[in-house]
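Per the working numbering, the sequence shown starts with residue 87, numbered consecutively.
One structure below.
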Amino acid sequence: MTTPVRAQLHDDPADPAIAPAWDALASAAGTANPFYGRDTLIAAMHLPGAAKPRLLLLWGAGGQLDGLLPVARRPLIRGAAHATENWDQRARALGEPLIRPGREAMVWRAALAALDRSGGLHLRLSALDAHSASTAALREVAAGLGRPVYETRRYERAILVGGGSSEEHCAQHIRGKVLKEHRRLRARLADQAPLMFERLAPDGDVDCWTSDLFALEATGWKGREGVDAGADPATEAAYRAILARAHEAGSLDFHRMMLGDRVVAMLANLEIGDTGFQLKIAYDEAFASYSPGVLLEMEYLRYALDQRRLALVDSCARAGHPMIDRIWPARRTIVSLAVPFVSPLSRGFCAAADRWRRRAKAVS
């Protein structure tokens, strides 16, 4: 007999009463997503422009939390209506709900029934893994309810897939000429001062490393465009909290490349189990001719495959990224979906929006 799921909309993500169940679910979810983990979400709520989410909690047998999806309202038609969406903000790279393996269909059936009563014009789900068990279950459940699922966006981004050594990866996927150039650049840097690659220790000073990361990012294009992590006090505080909470929880994987006593490049990742996510990378543009970002990523590749033996690392990069795409050939397909609610108005709106998108695509 299949255990039913009870849906509950919870208004306070910081409620300590739900913390143990949330943490347990985040660790057990079929598709890892640190951006909807408790520590990261609570810290990211303070980013400028981030709406406070409600938590759709899906409870199974014995009070076990089987699913969790942060949701928020997204204004439509100049504020005359709204969509219900999986919560988004600038630090989020994946919108997958947290669901226990094997419970995807039951969770989505209960979730759609609960969200039908939310008053939104439709359900908007962004940054989903197109091939996850959750996305497949959503499509199946929606089809069983007679609801179409409209795909509003699709792109691919680079991932690093484990299972082999870094030597095997480089031999199969990176041209010898490119590897030779990497060695040449490392040698040129090492001629100037000792070149070192370091990882933040569990008892290391995360605040100091974070300050160095933000300083590097401020000197690059993000700083010039005002979108770096230190662009304003609220943004800086939120990102500092994300990194500090992850370090305290043991899920922060922080790397840096040093030239003597100078920080040249830094990489901050979030990990859940055997899956990593690249949150921030920055380098000193004074050394741009040496490709410090590439050199740090190559060193990280060796660490991830040979030492950590991770199963997957998501670059969280945009499609067609000129650097990471060249050294990580595997791709993760990311989609955004629109799901109508039960009302005729919702169905009509989604169908009309889909026709408009198709016409716009045909003439572009």
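We put the CB at the ideal spot given by N, CA and C, even for glycine.
Original post:
To which residues of the same chain is V399 closer than 6 angstroms at the C-beta, ignoring the five residues directly before and after it?
Top reply: The sequence position of residue 399 within the sequence shown is 313, counting from 1. The residues are L246, G362, A390.
Subject >> R285 versus V425, H333, A403, L111, residue with shortest Cα-Cα distance >> reply: Position 199 of the sequence shown, counting from 1, holds the residue named residue 285. Nearest option by C-alpha distance: H333.
Original post:
Going by beta carbon distance, what residues of the same chain come within less than 6 angstroms of F340, once the five residues before and after it are set aside?
Top reply: Numbered from its first residue, the sequence shown carries residue 340 at position 254. Here the set comprises L286, W295, A354.
Subject >> Local Cβ density within 10 Å of P430, reported as buried at 16 or more and exposed below that >> reply: Here residue 430 is taken as the residue at index 344 of the sequence shown, counted from 1. When all chains shown are included, P430 counts as exposed.
Original post:
Which value, in whole angstroms, describes the spacing of the CA atoms of K266 and D298?
Top reply: Position 180 of the sequence shown, counted from the start, is the residue given in the question as residue 266. Position 212 of the sequence shown, counted from the start, is the residue given in the question as residue 298. C-alpha separation (whole angstroms): 30 angstroms.
**OP:** Please classify I260: does DSSP put it in a helix, a strand, or coil?
**Re:** Within the sequence shown, residue 260 is the residue found at index 174, counting from 1. The DSSP-derived three-state label of I260 is coil.
Original post:
When the Cα atoms are used, what is the spatial distance from S251 to A315?
Top reply: Translated into positions along the sequence shown, residue 251 becomes position 165. Translated into positions along the sequence shown, residue 315 becomes position 229. Their Cα atoms are separated by approximately 34 angstroms.
Subject >> Residues sharing a beta bridge with F363, DSSP >> reply: Numbered from 1 along the sequence shown, position 277 holds the residue referred to as residue 363. According to DSSP, F363 bridges with L356, D400.
Subject >> Distance, R261 Cα to Y325 Cα >> reply: Mapped onto the sequence shown, residue 325 falls at position 239. Mapped onto the sequence shown, residue 261 falls at position 175. Approximately 36 angstroms, taken between the alpha carbons.
Original post:
Given that a residue counts as buried once 16 or more other Cβ atoms are within 10 Å of its Cβ, and exposed if not, what is K447?
Top reply: On the sequence shown, position 361 is the one that residue 447 refers to. Classification for K447: exposed.
Subject >> Distance, D125 Cα to V227 Cα >> reply: For the purposes of this step, residue 227 is identified with residue 141 of the sequence shown, where counting begins at 1. For the purposes of this step, residue 125 is identified with residue 39 of the sequence shown, where counting begins at 1. Distance between the alpha carbons of V227 and D125 is about 30 angstroms.
Original post:
Is S337 helix, strand or coil when you go by DSSP?
Top reply: Numbered from 1 along the sequence shown, position 251 holds the residue referred to as residue 337. It is coil, neither helix nor strand.
Subject >> Segment limits, alpha helix (DSSP H) that includes G153 >> reply: On the sequence shown, position 67 is the one that residue 153 refers to. First-last for G153: 151 to 162, but that is the beta strand (DSSP E), not the alpha helix (DSSP H).
**OP:** Flag this pair as yes or no: are the beta carbons of L95 and L142 separated by less than 7 angstroms?
**Re:** To locate residue 95, count along the sequence shown from 1; it is residue 9. To locate residue 142, count along the sequence shown from 1; it is residue 56. Yes, these two residues count as a Cβ contact at 7 angstroms.
Original post:
DSSP puts F283 in a beta bridge; with which residues?
Top reply: Taking the sequence shown and counting its residues from 1, one reaches residue 283 at position 197. F283 is bridged to M343.
Original post:
Alpha carbon to alpha carbon, how far is F435 from P288?
Top reply: Residue numbering aside, residue 435 sits at position 349 when the sequence shown is read from its first letter. Residue numbering aside, residue 288 sits at position 202 when the sequence shown is read from its first letter. In this structure, the alpha-carbon of F435 lies about 51 angstroms from that of P288.
Original post:
Would you call the region 127 to 141 and the region 164 to 176 touching, i.e. three or more CB-CB distances under 8 angstroms?
Top reply: yes
**OP:** Reducing DSSP to helix, strand and coil, say where D215 ends up.
**Re:** One-based indexing of the sequence shown puts residue 215 at position 129. Here D215 sits in strand by DSSP.
Original post:
Exposed or buried, which one is W442 when buried takes at least 16 other CB atoms within 10 Å?
Top reply: Here residue 442 refers to the residue found at position 356 when the sequence shown is read from its first residue. So W442 counts as exposed.
Original post:
Taking the DSSP output, what are the residues bridged to I185?
Top reply: Counted from its first residue, the sequence shown places residue 185 at position 99. Answer is G153, bridged to I185.
**OP:** Return the chain-ordered ranges of every alpha helix (DSSP H) run that is complete within the region 101 to 153 and spans a minimum of 4 residues.
**Re:** 105 to 114, 124 to 130
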